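Under numbering that gives the first Met the number 0, the very last position in the sequence shown is 378; numbers go up by exactly one each time. Don't be surprised by glycine CBs; every beta carbon is placed ideally from N, CA and C. Nothing here was measured: the structure is a model prediction, and the numbers come from that model. This report refers to the structure that appears directly beneath it.
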Amino acid sequence: MGATQSSSIQPYIDDSFHLRNPRDADGVKFTGAEYLGGYLSTLEGKIKMQKTFFYFVYDGRLYRKRKEAHSFESASIVCDLRICDITVCDDKRSNFKITSPAGYFFIFSAPDANDASRWALILTEQAKRSLHDHGIDTVPDQVKEVMHENPLCADCGHSSPDWVSLNLGILICAECAFIHHSLGAHISVPKCLVTSSECWTDSTFKILKDVGNNKANSIWEYLASPRTKPSATSPHEIKEQWIYAKYVCHHFIDRYLAHHSTDPSKYVFNAAVQGDNLDIIRGIASGGNARWRLSSDASSALHAAAQKGHAATCQLLIHLGADPSVVNELHETPLDVAAGEPTRVVLRQMMQGNGNTRAGDGRGGGARVSKVSEAKHAT
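Next up, the structure:
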């Protein structure tokens, strides 16, 4: 992985290295914010560059752009320092290394050992400051483990994604998370996994373990060609079109799965009984409705999951639009029939915290749910 540094490129740190209020020369304002920045050159790592870039930190993330005078919009995210290890290299003290939980690393060359130590120290302090500003002392190991297991954004392949879609069970990068948010909570519920401590629950980590990027994409991108999938450097508009086609239009799912003889809503119900979160996603992608209920006793998938003590499945279903206040023919809510305290805790938290973020009809990312099924099983 060692990239040879061109002798014509001399890495340096200028006066902009010090903390300061950013200039407004390019028309971009950061109200009351401070960042540190300076010119460095990359020696080796996942991204092999032999040019000097201007690197700066803003809200705990490391960005780069070609020139300091260039606009903030022209900058790209390198990594989230708040979950990275930052160390001075033992073999060459004028270099420092940033390693992400996903295993990607970047080695930067500073003019000398003192400057490398200074960079490493202040980058670490900036990461801590950002966490403190969000009311967080430290990021739990489970977050880093999840990021290690999902090293690339599910939608564009950007390295070290640090956002989670709570109802899709995937990790995505910040740019794709913005697009997900624009589609509405009935499609995706994105949260920053690093700073949204309310996401640090056993249920969330289990959903990400059960689903995750690779398994989810085996469903959502079944018919997609790798050549058509956007990359981390693709234009924003291309990423928007891809994500819309993928999650709203269900353009790339297995057509056989979508037209299987088993009713997709009943498929979701049966998966809830088993606590199979991946099958729930599969049923939703096929047009299943998380609010579908049995005609025999009016039990919902949420009732079934709660009764079996599947806490994580209860959380997933509510994020998919299931109603935690729905009652069966005995006028029992899912909380009334819940088995085990962990399940009851999840249901209470989701109800108190307005966890039903996918307010709507409970259909998974579009209107593909069978109209015949809805009429047949309506209660």
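Check your understanding: Between the C-alpha atoms of A300 and D136, what's the straight-line distance to the nearest angstrom?
Key -> 37 Å
Point to revise | Under 8 Å between C-beta atoms of A338 and A289 | key: no
Review point. According to DSSP, is D140 helix, strand or coil?
Key: It is helical.
Review point. For G37, is the classification buried or exposed, using 16 other Cβ atoms within 10 angstroms of its Cβ as the cut-off for buried?
Key: buried
Check your understanding: Hey, out of Q125, C248 and I283, whose CA is closest to L182's CA?
Key -> Closest in C-alpha terms to L182, from the list Q125, C248 and I283, comes C248.
Review point. Could you give the residue range of the beta strand (DSSP E) that holds T86?
Key: D84 to V87
Check your understanding: In angstroms, rounded to a whole number, what distance separates the CA positions of G156 and A303?
Key -> 36 Å
Review point. Which residue's Cα is closest to the Cα of L165: I206, D154, F177 and P139?
Key: I206
Check your understanding: Which residues share a DSSP beta bridge with V163?
Key -> Partner(s): L170 and K190.
Review point. R292: which of K238, T200, F95 and P323 sits nearest, CA to CA?
Key: P323
Check your understanding: For M48, which of helix, strand or coil comes out of DSSP?
Key -> A caution first: M48 carries a pLDDT of 46, below 50, which makes its placement in the model unreliable, though a value can still be read off. If DSSP states are grouped into helix, strand and coil, M48 belongs with coil.
Check your understanding: How many angstroms separate the CA atom of I252 from the CA atom of G287?
Key -> 13 Å
Practice item. Please indicate yes or no: does the CB of A215 lie closer than 7 Å to some heavy atom of the ligand COA? Key: Of ligands this structure carries none, so the ligand COA is not represented either.
Check your understanding: At which residues does the beta strand (DSSP E) containing D79 begin and terminate?
Key -> S75 to D79
Check your understanding: Between N213 and A153, what straight-line distance do the alpha-carbon atoms span, to the nearest angstrom?
Key -> 8 Å
Review point. Start and end of the beta strand (DSSP E) containing L61?
Key: R60 to K64
Review point. Beta-carbon separation of A112 and W118 under 8 Å?
Key: no
Practice item. Pick helix, strand or coil for G36, following the three-state DSSP scheme. Key: strand
Exercise for review: Identify the continuous alpha helix (DSSP H) that holds N213 and give its terminal residues.
Suggested key: In the DSSP assignment, N213 falls within the unbroken alpha helix (DSSP H) covering G211 to W219.
Practice item. Label S187 either buried or exposed according to how many other C-beta atoms from any shown protein chain fall within 10 Å of its C-beta, with 16 as the threshold for buried. Key: buried
Practice item. Determine the closest residue to S129 out of F53, P100 and L61, with distance taken between C-alpha atoms. Key: L61
Practice item. Can you tell me which of H133, A126, R81 and V77 puts its alpha carbon nearest to the alpha carbon of F107? Key: V77
Review point. Mind checking T194: buried by the 16 CB within 10 Å criterion, or exposed?
Key: Classified as buried, T194 has 16 or more neighbouring CB atoms from the shown chains inside 10 Å of its CB.
Exercise for review: Put L222 into one of helix, strand or coil per three-state DSSP.
Suggested key: Coil.
Review point. Helix, strand or coil: how does DSSP classify F251 here?
Key: Three-state result, F251: coil.
Practice item. Go through its chain and collect everything with a Cβ distance to I218's Cβ below 7 Å, but skip five positions before and after it. Key: I252, I280, R281 and A284
**Study point:** Proximity of V345 and S202 at Cβ, strictly below 8 Å
**Key:** yes
Exercise for review: Provide the residue span of the alpha helix (DSSP H) that contains N288, from first to last.
Suggested key: No alpha helix (DSSP H) holds N288; DSSP gives it neither H nor E.
Check your understanding: When you compare only the Cα positions, how much space is there between E331 and Y246?
Key -> 33 Å
Point to revise | As assigned by DSSP and simplified to three states, the class of I206 | key: helix
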